[in-house]
Amino acid sequence: MKFRNRLRAGSVSIAAFAALAAAPAFAEDMTADAAADGTDVDEIVVLGQGQARQVQELGAADIALEVSGISPLKAIDKLPGVNFQSADPFGAYEWSARISIRGFSQNQLGFTLDGVPLGDMNYGNHNGLHISRAIISENVGRVEVAQGAGSLAAASTSNLGGTIEFYSREPAEIFGVAASATYGSEDTKRAFIRLDSGDIVAGGPRLALSYAWQDADKWKGDGVQRQQQVNARIVQPVGDGQFFGFVNYSDRAENDYQDLSADMIGRLGYQWDNFAKDWDTAVRVAKVYQNQVARAVFNAGVANGSLPLGAVFTAPYAGAGEAFPAPVATVDDAYYDASGLRKDWLAGVGVDAPLTDYWTLNAMGYYHGNKGRGLWFTPYVTTPGGAPITIRTTEYDIERYGIVASSLFTLGDNKFEIGMWYEDNDFNQARRFYGLADTAGAPSRGSLKFPKDPLATQWEFDFNTQTLQYHVQDTLDLGQVQINAGWKGLRVTNLATPIVRGGLAAGRTEAKDWFLPQAGLLFRLSDDNEAFASYTQNMRAFESSATGGPFATTQAGFDALDLKPETSTTYELGFRTKSSRFQGVIAGYYVDFQDRIIAFANGSGIQGNPAILQNVGDVRSWGVEAAGTFRVTPDLSLFASYAYNDSEYQDDVVNAGGITVAATAGKTVVNSPRHLAKGEITWDTGTVFARVGANYTSKRYYSFENDAEVGGFVIVDASIGYRLNERISVQVNATNLFDKEYVSTIGTNGFANRGDNQTLLAGAPQQFFVTLKAGF
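Counting from 319, one number per residue, gives the positions in the sequence shown under this note's numbering.
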């Protein structure tokens, strides 16, 4: 079944792209005037000038124009080739947050914060944590996005298709306090405060301490999205270097939205959600389902003769009947409730120091601890002597320790760098069920607290992952030409030890390649124009988890897998230009992605059936990306980006018997839009500021055989603000300004071979937020 919701790009996007197309000509005419009045391009986005690869950078000032508390991932969505989707206006709701670049999914990208590895930021939470938990959004100083060739030094074992590196704001050199308060749609409340100590004593340490609190209702159904965060960072200057330390804490509790299918949206609408607060209906639906299961077992017994002649069916819940109450058609249409609970500590100490005029040392040790629960009220498992529902959890416990270090040597025109990363990750994961009493009106347990006293443990595993990575790199700058060349080596071993096996796989895997080369060439055509080219090889390690990767299947399936780590080879070629009014970039790329492992959804997500894993073979991707900023006047700027991507599977999935399981050859990679277009107008007089941005995403497939799709859409966001003085301002943000109904996230419950699947989430409707900011 195909579901389509097609919208055409709005006038804002058209205007921005028209400006971009005309910008070079206008820029040439205006250069003299700009030089005369001393203006320069107000760089909304830094387009990687001087880099031998496709890379952009976004700063804190740009993020600050977004709604307070926004995920940095949503802020970078306007960059070329970046596709970010979420079901909430902040982009922070983790079950729905998905980012892809050039057809590579989130777990095939690399993420770091100040050099600390964040893992693949998967909701399954096996080797890191999401950026929205790692740091308060106001404390993000800048974000660097490399769409293809990420830095060799990036501490990541998953960056096949790009790297996103986040950097925090340093403690200020003078004393200051900054605070903000936000109120908006769905009773959203948020408060943030930051204290910068300045120099505590002359030449002494500087401290930054921040606290953020947020509480918002869901935009449909019943439930909340809550989070508290504390960030502390201290630096001690030593000559031209510094020692530093940081501790970040996050406590998040968020109720989930009901996953949808195209059929459900057609029958029930975008506003359909869980039963939360309607416990009695949830109980009735569960009883009907259990009656249907019992009837099916009875009928099978009669058909095969295992029941005596003349046997009479007796329903386990006689008063509930065997028909669901309208408009419910299946037991999966809605569950009572679901939630995600996460508590994280992230800490580190390190040094950045020039030891001589020619030698700089950077070293850091870090720790990450996480306790998490994913809760689902499931009608598939009943409570003995209680309700026809239990709480099904996936439970997480992470203890990670690591060290990241590098040395940079400057030798004439050469900058030579060596570095290493080591991490030991102990991860315990379990699937448990918790009983519920047979009560009326409300359940005997809530969804926002860690449950205790389980009825049963379906499976539990201890996973240990040992990671060792090194890199060697040289940059030779000859003036007109700059050459980068180097390589990294990587070995990751995964050990899965069962405590309660539960039918899942155990064993050992290893991904190893000691030579993954990277090379880049930058040719400076003039002071303002440069061409660049790059070549990169990367490898993705196996996931140590019972809910993803090779251990998330049966032992027989694991033993039969052709276990080869996914690898990619990326070629890039591009051109950048910059003048006093305009900066722009255009790049083309080709990617050869080998041994792609895909997981076929096996039943509804709540059932938690082992995934069916297959090596789908090769994927070929190619595309073009363009972006530009045009300064129309000192107050008015335009930004636009466009990306075309063609990502296709090259092979069918064939089982051991030679039977085609999925006809994927020539099909487009799931969740890989062919067209992404973004446009933005920014106006800032110093006193009054405003921004309007439009984002177009073309259709996306959510079945491997491409017979299920969601249509393209345009979403417009806007903001306007007023600065009373240098210390006080007020800002109003509107998300989804024109209140479009659309499917945002796809693949929340994985992807099926073919047909419709309950794996979609609706995007948030029009919402408004007001933020008051003050500081001294």
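The beta-carbon is built from N, C-alpha and C at its ideal position, and this holds for glycine as well.
Residue i, buried or exposed, once every other Cβ within 10 Å from all chains shown has been counted against 16
i, result
"residue 862", "buried"
"residue 1064", "buried"
"residue 615", "exposed"
"residue 982", "buried"
"residue 630", "exposed"
"residue 729", "exposed"
"residue 466", "buried"
"residue 295", "It is not possible to answer for residue 295, since the shown part of the chain is limited to 319 through 1094."
"residue 664", "buried"
"residue 692", "buried"
"residue 627", "exposed"
"residue 587", "exposed"
"residue 677", "exposed"
"residue 1046", "exposed"
"residue 1094", "exposed"
"residue 1077", "buried"
"residue 547", "buried"
"residue 711", "buried"
"residue 624", "exposed"
"residue 398", "buried"
Within 9 Å, strictly: CB atoms of residue i and residue j
i, j, result
"residue 405", "residue 389", "no"
"residue 429", "residue 482", "yes"
"residue 387", "residue 408", "yes"
"residue 449", "residue 484", "yes"
"residue 780", "residue 744", "yes"
"residue 661", "residue 771", "no"
"residue 1037", "residue 385", "yes"
"residue 762", "residue 773", "no"
"residue 1095", "residue 567", "Not covered by the structure: residue 1095. The range shown for the chain is 319 to 1094."
"residue 519", "residue 374", "no"
Whole-angstrom distance between residue j and residue i, CA atom to CA atom
i, j, result
"residue 979", "residue 1075", "17 Å"
"residue 325", "residue 1081", "Interpretation of residue 325 is limited by its pLDDT of 29, a score under 50 that renders its predicted location unreliable; no figure is taken from the coordinates."
"residue 545", "residue 531", "6 Å"
"residue 584", "residue 1079", "13 Å"
"residue 724", "residue 804", "14 Å"
"residue 458", "residue 593", "37 Å"
"residue 940", "residue 986", "12 Å"
"residue 365", "residue 421", "21 Å"
"residue 577", "residue 655", "11 Å"
"residue 797", "residue 437", "37 Å"
"residue 1057", "residue 757", "39 Å"
"residue 952", "residue 682", "42 Å"
"residue 352", "residue 946", "Note that residue 352 scores a pLDDT of 37, beneath 50, so its modelled location is shaky; the value from the coordinates is reported in the next line. For residue 352 and residue 946, the distance between alpha carbons rounds to 18 Å."
"residue 887", "residue 911", "7 Å"
"residue 634", "residue 605", "8 Å"
"residue 994", "residue 954", "24 Å"
"residue 356", "residue 1071", "With a pLDDT of 37 at residue 356, under the threshold of 50, the modelled position of that residue is not reliable, and no figure is offered here."
"residue 937", "residue 733", "35 Å"
"residue 925", "residue 698", "7 Å"
"residue 539", "residue 1024", "31 Å"
"residue 651", "residue 611", "17 Å"
"residue 501", "residue 1090", "9 Å"
"residue 1086", "residue 1049", "11 Å"
Cβ-based neighbour list, residue i, same chain, cut-off 8 Å, excluding 5 preceding and 5 following
i, result
"residue 868", "823, 827, 860, 861, 876, 879, 881, 915, 931"
"residue 345", "Model confidence at residue 345 stands at a pLDDT of 35, short of 50, so the residue's coordinates are unreliable and nothing is read from them."
"residue 542", "533, 534, 535, 536, 571, 572, 573, 766"
"residue 991", "401, 963, 1015, 1016, 1017, 1018, 1030"
"residue 278", "Residue numbering for the chain in the displayed model covers 319 to 1094; residue 278 lies beyond these limits and cannot be assessed."
"residue 1054", "407, 1033, 1034, 1035, 1081, 1082, 1083, 1084, 1085"
Other residues of its chain near residue i: CB distance less than 7 Å, five sequence neighbours each side excluded
i, result
"residue 350", "For residue 350, the predicted model reports a pLDDT of 34, less than 50, meaning its position is unreliable; a value from the coordinates is still stated below. There are no such residues."
"residue 413", "441, 574, 658, 1066"
"residue 336", "Because the pLDDT at residue 336 is just 32, under 50, the model does not fix this residue reliably, and the value given afterwards should be weighed accordingly. For residue 336, where only same-chain residues beyond five positions count, there are no Cβ hits under 7 Å."
"residue 425", "438, 440, 476"
Close-in-space but distant-in-sequence residues of the same chain around residue i (CB under 6 Å, 5 per side omitted)
i, result
"residue 523", "552, 554"
"residue 581", "1074"
Whether or not the region 490-505 and the region 433-453 are in contact is what I'm after, with contact meaning three or more pairs of Cβ atoms, one per stretch, closer than 8 Å; do they touch? no
If we count Cβ pairs, one from each stretch, closer than 8 Å, do we get three or more for the region 965-972 versus the region 1004-1015? no
Can you find at least 3 beta carbon pairs, one from the region 757-770 and one from the region 795-803, that sit closer than 8 Å? no
Should the region 835-850 be called in touch with the region 888-895, which here means at least 3 C-beta pairs below 8 Å? yes
How do the region 787-797 and the region 806-814 stand: do at least 3 beta-carbon pairs fall below 8 Å, yes or no? yes
At least 3 beta-carbon pairs within less than 8 Å: the region 501-514 vs the region 460-479: no
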